[in-house]
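Under the working numbering, think of the first position of the sequence shown as 1002, with each following residue one higher. Here is the structure we will look at, set down as structure tokens.
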Amino acid sequence: MTSTLITGGTVLNTGPADVLVTDGVIVAVGTQLAVPENTEVIDAAGCLVMPGFVDTHRHTWQTAFRGVGADWTFADYAAGIHGILKPHYRPEDVYVGNLLGRLEALHSGVTTMLDWFHAAQTPEHADAALAGLRDAPGRSIFCYGAGYRTDDPIEAEVRRVHAAMPGDDLLSLALGLRGPDETTMDNVALDLKLADELGLRTSVHVDGLTGSRPVAALRERGLLRASTTFVHANGIGDDELRMLADAGASVSISPDVELKMGFGQPMTGRVLAAGLRPTLSVDDTPAVGGDMFSTMRTAFAVQRGIDGGLTAQELLQFTTIDGAEACGLGDRVGTIAPGKDADLVLLRADDLTVAPFSNPAGTVVTSGHPGLVDTVLVAGRIVKRDGHLVGLDLPALKDRLLESRDRIAAAAGVPLDGTWRPGTTT
Ligand SMILES: [Zn+2]
């Protein structure tokens, strides 16, 4: 039995309190706790102790091209990332992108992340993506988008990956559906049948921007599931949102990407009005930053601008317990309570950028940033301490990512000086 006591901090929604963790599980939250012998002590003085963030949708394999799409439209992104760069990705590139992308998320306090993988040109690419997640000490869901934007059969490949999943409690498999905007409804039905048989949660991109009413079409075929997360969906009707609520499904809103790339307003307020709980996601780091602080801030500011709605407390729920529920992990993570796994983040509340810390939720949402993330625990394991990820040769890994980026860019013949506009130059 191993125990850790996080002491002297302020626990979100509780106040000054200690947190006792035994064998990766929170066993007590309070003061004057009875502590076993040989307990490791983490001094949390000056820190806010909060649940780790949950990102419900990120295309992590694209990490090497961070920032190149800052000015892009969605057409630029589709042409540039999927049409021009992706064909030059080797499995090694997928591996190092997924590993560094997952590490970046951990570094900024994202303890649970769904990797929405859609670069599976070969089985080796899928294996490399999974290996990248496995080698980062976070809680990850490998959402395997087999056959993305094709009508090809995927059953044998999904069964292969399912059978090869490591018996790792922190790494699970989901199926990235080809949605009704991307393939035939018969294929959607086949993919869902396979997911149901294998017990996999699913995630699907839909837009509805052309009046296609994808959610209504899925419901008509009996294809709405509580275990499906709908990504973006900005163009769907309020009646379709209520269909999702009736089905118990979940949604993933990527506020920065949706605003920048022409998807429409993030539908945080509409989702709440329909009786659903929003979750938030980064989506892709070529276009936007990879941390949940800025993601929350955008969602917050936009909804306040639309109707004055939302509170900082709600934003933190979207990025913790609501995200956990959408990943099927609501009973394991997302709150700080006895019986939950110890996925915890210690934020420096005494940093010059946030002190004095009078309103924890409000300050995190309006002023939080990755530089505050002092310590991160995943299932009780310390993966970041004193501001540094532990047990990693980060300089060597960053060199590998740089080599990967330079090789792919050279092979694709694209400049990396901020001038590349794929939608207009190719
Ligand atoms: Zn996406």
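Don't be surprised by glycine CBs; every beta carbon is placed ideally from N, CA and C.
Collect the residues with a C-beta less than 6 angstroms away from any heavy atom of ligand 1 and give them in sequence order along the chain.
-> 1058, 1060, 1117, 1206, 1232, 1284
Go through its chain and collect everything with a Cβ distance to residue 1447's Cβ below 6 angstroms, but skip five positions before and after it.
-> Because residue 1447 is not part of the residues shown, which for the chain are 1002 to 1427, the question remains open.
Would you tell me roughly how many angstroms separate the C-alpha atoms of residue 1101 and residue 1061, rounded to the nearest one?
-> Indexing the sequence shown from 1 puts residue 1101 at position 100. Indexing the sequence shown from 1 puts residue 1061 at position 60. Going by the C-alpha atoms only, they are around 9 angstroms apart.
Output the boundary residues of the alpha helix (DSSP H) element that contains residue 1075.
-> Translated into positions along the sequence shown, residue 1075 becomes position 74. Run containing residue 1075: 1075–1078, per the alpha helix (DSSP H) assignment.
Can you name the start and end residues of the beta strand (DSSP E) that residue 1056 belongs to?
-> Numbered from its first residue, the sequence shown carries residue 1056 at position 55. Here the beta strand (DSSP E) through residue 1056 covers 1054–1059.
Three-state secondary structure assigned by DSSP to residue 1322 = Working through the sequence shown from its first residue, we reach residue 1322 at position 321. Helix.
Local conformation of residue 1285 per DSSP, three classes = For the purposes of this step, residue 1285 is taken as the residue at position 284 of the sequence shown. Coil.
Taking the CB atoms as reference points, tell me whether residue 1324 and residue 1095 lie closer together than 8 angstroms.
-> On the sequence shown, residue 1324 is found 323 positions in, with the first residue counted as 1. On the sequence shown, residue 1095 is found 94 positions in, with the first residue counted as 1. The answer is no: Cβ separation not under 8 angstroms.
C-beta atoms of residue 1130 and residue 1099 nearer than 8 angstroms = Your numbering for residue 1130 matches position 129 in the sequence shown. Your numbering for residue 1099 matches position 98 in the sequence shown. Contact flag set, yes.
Does residue 1221 get closer than 8 angstroms to chain C when you measure Cβ to Cβ?
-> Of the protein chains in the structure, only one exists, and it is not chain C.
How about residue 1377 and residue 1110: do their beta carbons lie closer than 8 angstroms?
-> Position 376 of the sequence shown holds residue 1377. Position 109 of the sequence shown holds residue 1110. A contact, by the Cβ cut-off of 8 angstroms.
What span of residues does the beta strand (DSSP E) with residue 1367 cover, start to end?
-> Stepping through the sequence shown from its first residue, residue 1367 is reached at position 366. Unbroken run through residue 1367 is the alpha helix (DSSP H), 1361–1368; no beta strand (DSSP E).
For residue 1119, does the count of other Cβ atoms within 10 angstroms reach 16, so buried, or fall short, so exposed?
-> Position 118 of the sequence shown, counted from the start, is the residue given in the question as residue 1119. With 16 or more Cβ atoms within 10 Å of its Cβ, residue 1119 is classed as buried.
Extent of the continuous alpha helix (DSSP H) run through residue 1348 | Residue mapping note: residue 1348 aligns to position 347 of the sequence shown, counting from 1. Unbroken run through residue 1348 is the beta strand (DSSP E), 1345–1349; no alpha helix (DSSP H).
Any idea if residue 1214 is buried or exposed, counting beta-carbon neighbours within 10 angstroms, 16 or more meaning buried?
-> Position 213 of the sequence shown, counted from the start, is the residue given in the question as residue 1214. Its Cβ being crowded by 16 or more others within 10 Å, residue 1214 is buried.
Own chain residues within Cβ distance below 6 angstroms of residue 1097, not counting five before or after | Within the sequence shown, numbered from 1, the residue matching residue 1097 stands at position 96. For residue 1097, where only same-chain residues beyond five positions count, the Cβ hits under 6 angstroms are 1401, 1402, 1405.
Does the beta-carbon of residue 1235 have 16 or more other beta-carbons within 10 angstroms, so that it is buried, or is it exposed?
-> Taking the sequence shown and counting its residues from 1, the one referred to as residue 1235 is at position 234. It counts as buried.
Could you round the C-beta distance between residue 1390 and residue 1107 to whole angstroms and report it? I think they count as a contact, below 8 angstroms.
-> As a first step, residue 1390 is located in the sequence shown; it is residue number 389 there, counting from the start. As a first step, residue 1107 is located in the sequence shown; it is residue number 106 there, counting from the start. About 7 angstroms; that satisfies the 8 angstroms criterion.
Select from 1415, 1368, 1051 the residue whose C-alpha is nearest the C-alpha of residue 1010.
-> The residue you call residue 1010 lines up with position 9 of the sequence shown. Per the Cα distances, 1051.
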